[in-house]
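Structure record follows, encoded as structure tokens.
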Amino acid sequence: TQALLVTTFGGLAMLVGIIVIGNIAGTFLLSELIADPPTGVAGSVAVVLILIGALSKSAIVPMHFWLPGAMAAPTPVSAYLHAAA
1244 TQALLVTTFG GLAMLVGIIV IGNIAGTFLL SELIADPPTG VAGSVAVVLI LIGALSKSAI
1304 VPMHFWLPGA MAAPTPVSAY LHAAA
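Going by this note's numbering, the first residue of the sequence shown is number 1244, and it counts up by one from there.
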């Protein structure tokens, strides 16, 4: 359940960050966002939310604490499950 909570809330944080950036900039096109990046506190908060989402979804430190308990199967079984996905 810990893995589900961390990755779900991380995904929601990323989604909210993307929506906020799109609303501030008036576009969701990366080329336009790069050409004219949003500024201000809301833009900074949106970038932080996207980074939190990326860190939690990819299990990078400090968001890796859920990883050891997520797969309790023996190594050959977990390798098979990862290969099948």
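Idealized CB from N, CA, C, for every residue including glycine. Computed from a prediction, not measured in an experiment: that's the story for all the values here.
Whole-angstrom C-beta distance between residue j and residue i, which should lie under 8 Å
i	j	result
glycine 1296	glycine 1260	6 Å
glycine 1253	methionine 1306	7 Å
threonine 1250	serine 1299	6 Å
glutamate 1275	alanine 1268	7 Å
Short CB-CB distance (under 7 Å) between residue i and chain C
i	result
alanine 1326	No chain C is part of this structure, which consists of one protein chain only.
Short Cβ contact (7 Å threshold) for residue i with residue j
i	j	result
alanine 1302	leucine 1310	yes
isoleucine 1264	proline 1281	yes
alanine 1256	leucine 1292	yes
Ignoring anything shorter than 4 residues or poking outside the segment 1250 to 1318, list the alpha helix (DSSP H) runs there in chain order.
Segments of the alpha helix (DSSP H) lying fully in the segment 1250 to 1318: 1273 to 1278, 1284 to 1300 and 1310 to 1313.
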